[in-house]
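First residue of the sequence shown: 1, per full-length UniProt numbering; consecutive thereafter.
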Amino acid sequence: MSDAFKCKLFFITLKEKVKDWFHQLPASSIYCFEDLRRGLMLRFTTSKKRKESESLFHIK
């Protein structure tokens, strides 16, 4: 599967906030699926609060 095809399929799954981010990217700033994945991870995973690893032991 080509990177261009992966990016187009991926775009279909995006929610509103992520689509807004995507549309604000500069033209030609995404060259491959890895660029898209990396940009998305940098933008949206850094703002999430992660659970402490010890609290994971209490998950049922």
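We treat Cβ as the ideally placed atom computed from N, Cα and C, and that holds for glycine. Keep in mind that this is a model prediction, so the values were computed, not measured.
query                                                                                                                             : result
Name the residue from Leu40, Tyr31, Met41 whose alpha carbon lies nearest to the alpha carbon of phenylalanine 5.                 : Tyr31
Is the separation between the beta-carbon of aspartate 3 and that of phenylalanine 33 shorter than 7 Å?                           : yes
Compute the Euclidean distance between the alpha carbons of methionine 1 and aspartate 20, then round it to the nearest angstrom. : 26 Å
Provide the residue span of the alpha helix (DSSP H) that contains alanine 4, from first to last.                                 : 3-12
Rounded C-beta distance between cysteine 7 and leucine 25? I'm assuming under 8 Å.                                                : No, cysteine 7 and leucine 25 are not in contact; Cβ-Cβ is about 11 Å, not under 8 Å.
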